[in-house]
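S.K.: Residue numbers (the working numbering), protein chains in the order written: chain A, 440 to 713; chain B, 1154 to 1694.
We put the CB at the ideal spot given by N, CA and C, even for glycine.
Please read through the structure below; I'll follow up with questions.
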């Protein structure tokens, strides 16, 4: 209370001071006008801004940008926490256990965020374009993005990754039935592994181990694909628009190269296709 | 009552618009014919044109709006739009070039890059006006004729301004573009510090539409790439602004390939603006624009090296003779405060050009300079990436030229075998830079005989040599410099045993100063023509 009253009194004094200053300035002005004679008119050049109305409006844009920033911060924090837990040494080994564990951690953070497909896109864009995201480690980044895609409200998501200089691994991990993920650009290793009925489209190339362990669904790679394609896949289809560098040990499922069925087909030795 | 003409309306409302935008320094806009746009003379023509800050409103455009919108309101909206380009976005030529360069990275095409930059700049300046000032820009956009891109832009404006512009998601062009609009609405247009990132996002989102438009244009079905209120180009900037913009871009990017790309993309416009390689500051018509030379020229202007004045024997004293524009980095002491209105500002400030009078006497000034630059294989090729040697030499040349001295250049690699280029004393800036940028890439040997005619008979002369000192006949150079009485500034790039040898040999010569350049930040530390002062000289020495 005391503090408040002293604050009020100080503000009051300040105002009083200002009033005094204003009055003395006016007095001075009058005096100079009187002493200089009637023909001298001294006016404040900024006088007319006294009546200037600064019409600053709140636009919907402000609201949209602000809410977008909040969501982006949450997504970024989730990724940083995942990195803290999974890649302390900044080296992340792709092993069955580490993938499962990291994905579970990613799922935990992602579930708490309310986001849209565009937020995922912005997050991918931020990897290459801002300094806010400290590290792009292709493995955890891919798993985190996969978790974001799997828990998004939208059924179809387009990721524009064509400007990224690093290919992200593990994109489309466990993409579930009814979901469609389109990747504009190239994808890294382990793309679409463990696919669970979803549709994954890669507009560019995909590296090794694509579709490994997938159960069902469809993977389309518009350009070329690397080695071990479809390793231990249990079902589903992989369509490749370009060349397949090598097939893996496929259990069940189909692989097409330029609309031609290459598995199952003539006996082929894994990884010796070309 | 007599109806007001549009020009009268402009003159009536211009004070109000100026006041609203806090008095920008822009001349009164005029009404006239504006070239550009889809079909000049129809309502498809663009709304306004800005040339060297002079706004010209298109009469045909206003005629097209008759019956749809009150003329006074339309004019005020157009003026708000035009002034916002000046006061907010792009603000200056550097920002425009920067935005264009970022857009081109995404689009991969010069024309599409320019279109994206135009649309982005329009969105930013319009949004700024709508947020910060009372404006009828939304009303104006309601009545503009729209193609596919304009329809998308209208949908974007509708969302981010919260005003009805008559664009519905079910509209023929917007249908299917909701996703694009949704992405565009998320961009922080008014955050200046994020414009580079924002325009990349903007370009990525709008790219499919522009590609589609380009296809339609090829097949003759589409509209041209102009924005409805007019495009941004180099015409909007004065030569001083272009100078400053290029200087800033060279200094901030420090990337020769990027600078070259931008200059090559704007070659036509730069030439049209009278920006060639003839005449001072890289301006004038005639020869081809050499982007590499321009890069070093603009970068050198950013590093102003001091030249120690010396006593020169002249025929007579100098007296103020005529005025010339002051440039950033020029000395202040010749500024004429009366004709410059007390302001130090490029384009306003003027300096006195002095002329030598009759008689004989001694005055203080900067002598002519002979620059020897090493372009052997151990040096960086200045046309491939930033060469500190050439930049250092360019800065030295710039410093002497600013002081009205002449500069000669001796560019050497394997000089006895013909790997050299010699330029006699000249004040032709571009010629000097052209010789400095020449690269031989061979062995390193200096022919002292070549220097003798350039030094001989010149009492007042400074020497500037920049090299990595890996010269096969270094002893001959040391011997030659040792006998000279002139001030010598020697700059070495990097450290090696030859540098130590040179340093040891000249340590007792007070007229030779040695500087090391390892990073670009070392360049400003060079003092040209410094005579070393020995603070620790003992008594009797």
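1) The beta strand (DSSP E) spanning residue 1525 (chain B) covers which residue range?
2) Who are the neighbours of residue 507 (chain A) on chain B, taking C-beta pairs under 7 Å?
3) From the DSSP output, which residues share a beta bridge with residue 1473 (chain B)?
4) Please determine, among B:1206, B:1174, B:1304, the residue with the shortest C-alpha to C-alpha distance to residue 1181 (chain B).
5) Is it right to say residue 538 (chain A) is buried, meaning 16 or more other beta carbons lie within 10 angstroms of its own, or is it exposed?
6) Quick one: give me the first and last residue of the beta strand (DSSP E) that residue 1208 (chain B) is part of.
7) Please say whether residue 1544 (chain B) and residue 1616 (chain B) have beta carbons closer to each other than 9 Å?
8) Does any heavy atom of the ligand ZN sit closer than 8 Å to the C-beta of residue 1527 (chain B)?
9) Compare the Cα-Cα distances from residue 1588 (chain B) to each of B:1247, B:1666, B:1473, B:1550 and report the closest residue.
10) On the CB-based measure, 16 or more other CB atoms within 10 Å of its CB, does residue 1599 (chain B) come out buried or exposed?
11) Within 9 Å of any Cβ in chain B, is that where the Cβ of residue 504 (chain A) sits?
12) Rounding to the nearest angstrom, what Cα-Cα distance links residue 1560 (chain B) and residue 1574 (chain B) in this structure?
13) With DSSP as the reference, please indicate the residues paired to residue 598 (chain A) in a beta bridge.
14) If distances are taken between C-alpha atoms only, which option among A:666, A:559, A:583, A:632 comes closest to residue 658 (chain A)?
15) Taking the C-alpha atoms as reference points, what is the distance between residue 1221 (chain B) and residue 1236 (chain B)?
16) Rounded to whole angstroms, how far is the Cβ of residue 703 (chain A) from the Cβ of residue 1312 (chain B), which I believe are closer than 8 Å?
17) Looking at chain B, is there any beta carbon in it that lies within less than 9 Å of the beta carbon of residue 475 (chain A)?
18) Pull up the DSSP beta-bridge partners for residue 1248 (chain B), would you.
19) Return the residue from the list B:1366, B:1310, B:1332 that minimises the CA-CA distance to residue 1302 (chain B).
20) Closer than 9 Å by beta-carbon distance: list the chain B residues that pair up with residue 499 (chain A), in chain order.
21) Can you tell me the Cα-Cα spacing of residue 1284 (chain B) and residue 1290 (chain B), whole angstroms?
22) When burial is assigned at 16 or more other CB atoms within 10 Å of the CB, is residue 1174 (chain B) buried or exposed?
23) What residue does the beta strand (DSSP E) around residue 1574 (chain B) start on, and which one ends it?
24) Could you work out which residues of chain A lie near residue 1257 (chain B), taking near to mean beta carbons separated by less than 7 Å?
25) Does residue 661 (chain A) come within less than 9 Å of chain B when only Cβ atoms are used?
26) Indicate the three-state DSSP secondary structure (helix, strand or coil) for residue 1501 (chain B) in the structure shown.
27) Report the three-state DSSP secondary structure of residue 613 (chain A) (helix, strand or coil).
28) Counting only Cβ pairs nearer than 7 Å, list the residues of chain A close to residue 1305 (chain B).
29) Do you know offhand how far residue 552 (chain A)'s Cα is from residue 641 (chain A)'s?
30) Could you tell me the distance, in whole angstroms, from the CA atom of residue 1162 (chain B) to the CA atom of residue 1156 (chain B)?
31) With C-beta atoms as the reference, is residue 1401 (chain B) less than 9 Å away from residue 1253 (chain B)?
32) What residue range does the alpha helix (DSSP H) around residue 694 (chain A) cover?
33) Alpha carbon to alpha carbon, how far is residue 1363 (chain B) from residue 563 (chain A)? Give it in angstroms, no decimals.
34) Mind checking residue 1314 (chain B): buried by the 16 CB within 10 Å criterion, or exposed?
35) Which residue's Cα is closest to the Cα of residue 1628 (chain B): B:1266, B:1597, B:1203, B:1348?
36) Please identify the residue among A:496, A:504, A:673 whose C-alpha is closest to the C-alpha of residue 1344 (chain B).
M.R.: The short version:
1) For the purposes of this step, residue 1525 (chain B) is identified with residue 372 of the second chain, where counting begins at 1. That run of the beta strand (DSSP E) goes 1521–1527.
2) As a working note, residue 507 (chain A) is residue 68 in the first chain. The contacting residues are 1339.
3) For this step, residue 1473 (chain B) is matched to residue 320 along the second chain. Residue 1473 (chain B) is bridged to B:1507.
4) Along the second chain, read from residue 1 onward, the residue named residue 1181 (chain B) stands at position 28. It is B:1206 whose Cα lies nearest to the Cα of residue 1181 (chain B).
5) Residue 538 (chain A) sits at position 99 when you count from the first residue of the first chain. Residue 538 (chain A) is buried by the Cβ-count criterion.
6) Position 55 of the second chain, counted from the first residue, corresponds to residue 1208 (chain B). Note, residue 1208 (chain B): beta strand (DSSP E), 1207–1211.
7) Start at 1 with the first residue of the second chain, and residue 1616 (chain B) comes out as number 463. Start at 1 with the first residue of the second chain, and residue 1544 (chain B) comes out as number 391. Against a cut-off of 9 Å, the Cβ pair of residue 1544 (chain B) and residue 1616 (chain B) comes out as no contact.
8) This structure lacks the ligand ZN; in fact it carries no ligand of any kind.
9) Walking along the second chain from the start, residue 1588 (chain B) turns up at place 435. The shortest Cα separation from residue 1588 (chain B) among B:1247, B:1666, B:1473, B:1550 belongs to B:1550.
10) As a working note, residue 1599 (chain B) is residue 446 in the second chain. Under this definition residue 1599 (chain B) is a buried residue.
11) Walking along the first chain from the start, residue 504 (chain A) turns up at place 65. Yes, its Cβ sits closer than 9 Å to a Cβ of chain B.
12) Looking up residue 1560 (chain B) in the second chain gives position 407. Looking up residue 1574 (chain B) in the second chain gives position 421. Straight-line Cα distance between these residues: approximately 14 Å.
13) Residue mapping note: residue 598 (chain A) aligns to position 159 of the first chain, counting from 1. Paired residue(s): A:622.
14) Walking along the first chain from the start, residue 658 (chain A) turns up at place 219. Ranking the options by Cα distance to residue 658 (chain A), first place goes to A:632.
15) For this step, residue 1221 (chain B) is matched to residue 68 along the second chain. For this step, residue 1236 (chain B) is matched to residue 83 along the second chain. Distance between the alpha carbons of residue 1221 (chain B) and residue 1236 (chain B): 23 Å.
16) Indexing the first chain from 1 puts residue 703 (chain A) at position 264. Indexing the second chain from 1 puts residue 1312 (chain B) at position 159. Not confirmed; about 51 Å, so no contact.
17) For this step, residue 475 (chain A) is matched to residue 36 along the first chain. Since pLDDT at residue 475 (chain A) reaches only 48, below the 50 mark, its modelled position is unreliable, and the value read off the structure follows with that caveat. So no, residue 475 (chain A) is outside the interface.
18) Residue numbering aside, residue 1248 (chain B) sits at position 95 when the second chain is read from its first letter. None; residue 1248 (chain B) has no bridge partner.
19) On the second chain, residue 1302 (chain B) is found 149 positions in, with the first residue counted as 1. Out of B:1366, B:1310, B:1332, B:1366 has the C-alpha closest to the C-alpha of residue 1302 (chain B).
20) As a working mapping, residue 499 (chain A) is identified with position 60 in the first chain. Here the neighbours are 1312, 1313, 1314, 1315, 1338.
21) In the second chain, residue 1284 (chain B) corresponds to position 131, counting from 1. In the second chain, residue 1290 (chain B) corresponds to position 137, counting from 1. Taking the straight line joining both Cα atoms gives about 11 Å.
22) Position 21 of the second chain, counted from the start, is the residue given in the question as residue 1174 (chain B). So residue 1174 (chain B) counts as buried.
23) As a working note, residue 1574 (chain B) is residue 421 in the second chain. Per DSSP, residue 1574 (chain B) belongs to the beta strand (DSSP E) from 1573–1579.
24) Along the second chain, read from residue 1 onward, the residue named residue 1257 (chain B) stands at position 104. Under the 7 Å cutoff, chain A gives no residues; its nearest Cβ is about 13 Å from residue 1257 (chain B).
25) Stepping through the first chain from its first residue, residue 661 (chain A) is reached at position 222. Judged by the 9 Å Cβ criterion, residue 661 (chain A) is not in contact with chain B.
26) For the purposes of this step, residue 1501 (chain B) is identified with residue 348 of the second chain, where counting begins at 1. Here residue 1501 (chain B) sits in coil by DSSP.
27) If you number the first chain from 1, residue 613 (chain A) lands on position 174. Residue 613 (chain A): coil per DSSP, three-state reduction.
28) For this step, residue 1305 (chain B) is matched to residue 152 along the second chain. Correct list: empty, because the minimum Cβ distance to chain A is about 16 Å.
29) In the first chain, the residue the question calls residue 552 (chain A) occupies position 113. In the first chain, the residue the question calls residue 641 (chain A) occupies position 202. Using only the alpha carbons, I get a separation of about 26 Å.
30) To locate residue 1162 (chain B), count along the second chain from 1; it is residue 9. To locate residue 1156 (chain B), count along the second chain from 1; it is residue 3. The straight-line gap from Cα to Cα measures roughly 10 Å.
31) Here residue 1401 (chain B) is taken as the residue at index 248 of the second chain, counted from 1. Here residue 1253 (chain B) is taken as the residue at index 100 of the second chain, counted from 1. No, they are not a contact pair.
32) Locating residue 694 (chain A) in the first chain gives position 255, where the first residue counts as 1. Residue 694 (chain A) -> not in any alpha helix (DSSP H); beta strand (DSSP E) instead, spanning 693–696.
33) Translated into positions along the first chain, residue 563 (chain A) becomes position 124. Translated into positions along the second chain, residue 1363 (chain B) becomes position 210. Taking the straight line joining both Cα atoms gives about 23 Å.
34) Residue mapping note: residue 1314 (chain B) aligns to position 161 of the second chain, counting from 1. Its Cβ being crowded by 16 or more others within 10 Å, residue 1314 (chain B) is buried.
35) The residue you call residue 1628 (chain B) lines up with position 475 of the second chain. Answer by Cα proximity: B:1597.
36) As a working mapping, residue 1344 (chain B) is identified with position 191 in the second chain. It is A:504.
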